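Report on one structure; see the data block that follows.
In this note's numbering, the protein residues as written are 6 to 508.
Encoded structure:
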């Protein structure tokens, strides 16, 4: 019988001797490969906007109104939400990499169904099924890469994942733009079907090649295997040190608590749950997917009436996303998480104000060449979004949970993102139809609220190891006191069976 979890022993290659140095090339290779899941996420974020605005698709599917069009796009987010929540079970029971394989199988089923659909019901069902796979990949990839990354490079590693995500969005934009020139009314089936190929590659690779997370292996009491994976990634010296930290953290957590879903909403874990869910909620509710899903409609309301010009400008969004996704790879770890998120919000708010002003101008001056200036402001939004929230929210939400709570915490934070994404995708078309440029005033105000949240609620985590997060947020000392362990109140030091832990 085939086991869903990886059970093969992981040992050093026979005949290999000597102390191994850190192998960052292997870390980068694993990150790039599992980030195919992020590519699928990005591709599906970008692929539907042009399709649902195309007259030939509308003629075939006959959506009754803007609410139905919004449902085709946004019910996908409900599938993503369910997929994100499943991480809490799958990633703990079967491993992070096997969870990605399972997600890809479901993804392929949904992709085939939606590309073969001939009515609104069929394509919506396909979108929901595909959404499950995307939601699981969206949360599973950063969970895995954060657990294989060195502490001082965690932002860079997740930055690489986000760059590949943006590459997926870029590919989606330009494939749509190219296939849109085909005479056939079924042109849109091609970009929806193509994504099956990378999904199959990721499913096979994660099942047979990608090693399990060393932290998951320790939770499974496979310490030798965990130490070997760490040595391949970070070298023997770092592996010995990290194994001691991880094993001690897991042993401590087992001694003081059992991770249940209810624990996520009780002190002392409640605080990190709310912070992780909050940062992911604000990542979406500030309007990124309102622009991404409905870019052609945004440009049309801004006075760009030619569909081909609007689609070309939409393709430019993909280029901006991809180009500026490289920036965090090189600079994100140089400043604090909070600093980057605040910088991003200032720029994003200004971009939303610019969209507001130019859509208002286009209402009174149709045909004015000045209306084309609106193209700059979605680009400006994504410049600031990509250097900050595109990486920062995922990094923060995956790193702040203690080991035993991390899969469930990641599930909840990613579900929060998809819930807000659903609200944005479903509500944006009818709100824009009702109040026009007023929609972007709402997003500007939300950016201000998000700034206050980041500045006053969040705790800085740059440079901390994953095993230090429990102490940073006071979880370790609180759980120790509840279990009757000795805690030095002045220094927050926990004494466990002769072992002294910094709390």
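Virtual Cβ for every residue (Gly too), placed ideally from N, Cα, C. Since this is a predicted model, take the numbers as computed values, not measurements.
Continuous alpha helix (DSSP H) stretch holding residue i: start and end
{"i": "residue 270", "result": "Premise fails: residue 270 is in no alpha helix (DSSP H) and is neither H nor E."}
{"i": "residue 9", "result": "Where residue 9 is concerned, there is no enclosing alpha helix (DSSP H), given that its DSSP letter is neither H nor E."}
{"i": "residue 402", "result": "394-404"}
{"i": "residue 203", "result": "201-213"}
{"i": "residue 316", "result": "312-329"}
{"i": "residue 260", "result": "241-261"}
{"i": "residue 370", "result": "That residue, residue 370, is in no alpha helix (DSSP H); it is neither H nor E in DSSP."}
{"i": "residue 31", "result": "29-39"}
{"i": "residue 483", "result": "480-487"}
{"i": "residue 411", "result": "408-440"}
{"i": "residue 443", "result": "443-462"}
{"i": "residue 300", "result": "300-306"}
{"i": "residue 224", "result": "219-224"}
{"i": "residue 477", "result": "474-477"}
{"i": "residue 334", "result": "332-336"}
Through-space distance from residue j to residue i, alpha-carbon basis
{"i": "residue 291", "j": "residue 245", "result": "43 Å"}
{"i": "residue 139", "j": "residue 294", "result": "15 Å"}
{"i": "residue 444", "j": "residue 474", "result": "38 Å"}
{"i": "residue 135", "j": "residue 66", "result": "19 Å"}
{"i": "residue 416", "j": "residue 90", "result": "5 Å"}
{"i": "residue 498", "j": "residue 392", "result": "With a pLDDT of 48 at residue 498, under the threshold of 50, the predicted position of this residue should be treated as unreliable, though the coordinate-derived value follows. So the two alpha carbons sit approximately 37 Å from each other."}
{"i": "residue 503", "j": "residue 241", "result": "Residue confidence for residue 503 is low, a pLDDT of 47 falling below 50, so the modelled location carries little weight; the figure read from the coordinates is stated next. Answer to the nearest angstrom: the Cα atoms are 27 Å apart."}
{"i": "residue 174", "j": "residue 462", "result": "32 Å"}
{"i": "residue 351", "j": "residue 452", "result": "8 Å"}
{"i": "residue 326", "j": "residue 395", "result": "10 Å"}
{"i": "residue 80", "j": "residue 133", "result": "6 Å"}
{"i": "residue 305", "j": "residue 181", "result": "18 Å"}
{"i": "residue 275", "j": "residue 111", "result": "32 Å"}
{"i": "residue 221", "j": "residue 408", "result": "9 Å"}
{"i": "residue 397", "j": "residue 164", "result": "9 Å"}
{"i": "residue 414", "j": "residue 403", "result": "8 Å"}
{"i": "residue 171", "j": "residue 297", "result": "11 Å"}
{"i": "residue 268", "j": "residue 94", "result": "15 Å"}
{"i": "residue 204", "j": "residue 113", "result": "7 Å"}
{"i": "residue 455", "j": "residue 285", "result": "11 Å"}
{"i": "residue 508", "j": "residue 22", "result": "Because the pLDDT of residue 508 is 46, which lies under 50, any placement of that residue in the model is unreliable, and the number read from its coordinates should be weighed accordingly. Approximately 38 Å between the Cα atoms of the pair."}
{"i": "residue 97", "j": "residue 362", "result": "49 Å"}
{"i": "residue 25", "j": "residue 228", "result": "18 Å"}
Contact check, residue i vs residue j, beta carbons under 8 Å
{"i": "residue 144", "j": "residue 92", "result": "yes"}
{"i": "residue 15", "j": "residue 152", "result": "no"}
{"i": "residue 420", "j": "residue 86", "result": "yes"}
{"i": "residue 365", "j": "residue 442", "result": "yes"}
{"i": "residue 185", "j": "residue 316", "result": "yes"}
{"i": "residue 116", "j": "residue 58", "result": "no"}
{"i": "residue 88", "j": "residue 207", "result": "no"}
{"i": "residue 137", "j": "residue 9", "result": "no"}
{"i": "residue 342", "j": "residue 401", "result": "yes"}
{"i": "residue 466", "j": "residue 405", "result": "yes"}
{"i": "residue 149", "j": "residue 101", "result": "yes"}
{"i": "residue 11", "j": "residue 161", "result": "no"}
{"i": "residue 255", "j": "residue 223", "result": "yes"}
{"i": "residue 399", "j": "residue 168", "result": "no"}
{"i": "residue 54", "j": "residue 301", "result": "yes"}
{"i": "residue 307", "j": "residue 374", "result": "no"}
{"i": "residue 238", "j": "residue 28", "result": "yes"}
{"i": "residue 422", "j": "residue 289", "result": "yes"}
{"i": "residue 272", "j": "residue 74", "result": "no"}
{"i": "residue 380", "j": "residue 329", "result": "no"}
Given residue i as reference, the closest of the options once Cα atoms are compared
{"i": "residue 200", "options": "52, 301 and 211", "result": "52"}
{"i": "residue 512", "options": "107, 310, 320 and 212", "result": "Residue 512 cannot be examined here, being either before or after the span of the chain that is shown, 6 to 508."}
{"i": "residue 3", "options": "146, 121 and 226", "result": "Nothing can be reported for residue 3: it is not among the residues displayed for the chain, which extend from 6 to 508."}
{"i": "residue 1", "options": "23, 108 and 361", "result": "With the chain covering only 6 through 508, there is no way to say anything about residue 1."}
{"i": "residue 287", "options": "95, 55, 449 and 96", "result": "449"}
{"i": "residue 358", "options": "378, 382 and 349", "result": "382"}
{"i": "residue 230", "options": "13, 301 and 302", "result": "13"}
{"i": "residue 158", "options": "79, 338 and 18", "result": "338"}
{"i": "residue 447", "options": "259, 228, 356 and 167", "result": "356"}
{"i": "residue 436", "options": "371, 314, 476 and 303", "result": "303"}
{"i": "residue 412", "options": "142, 128 and 384", "result": "142"}
{"i": "residue 460", "options": "389, 468, 372 and 347", "result": "347"}
{"i": "residue 236", "options": "485, 32, 481 and 332", "result": "32"}
{"i": "residue 215", "options": "120, 188, 37 and 485", "result": "37"}
{"i": "residue 253", "options": "278, 472, 318 and 40", "result": "472"}
{"i": "residue 210", "options": "120, 226, 39 and 20", "result": "39"}
{"i": "residue 129", "options": "183, 76, 154 and 468", "result": "76"}
Closer than 8 Å to chain D by CB, residue i
{"i": "residue 159", "result": "Among the chains of the structure shown, chain D does not appear; only one protein chain is present."}
Could you give the uninterrupted runs of the beta strand (DSSP E) lying entirely in the segment 103-179, keeping only those of 3 residues or more? DSSP runs (the beta strand (DSSP E)) wholly in the segment 103-179: none.
Whole runs of the alpha helix (DSSP H) within the segment 54-106, excluding any shorter than 4 residues: The qualifying runs are 60-66 and 71-99.
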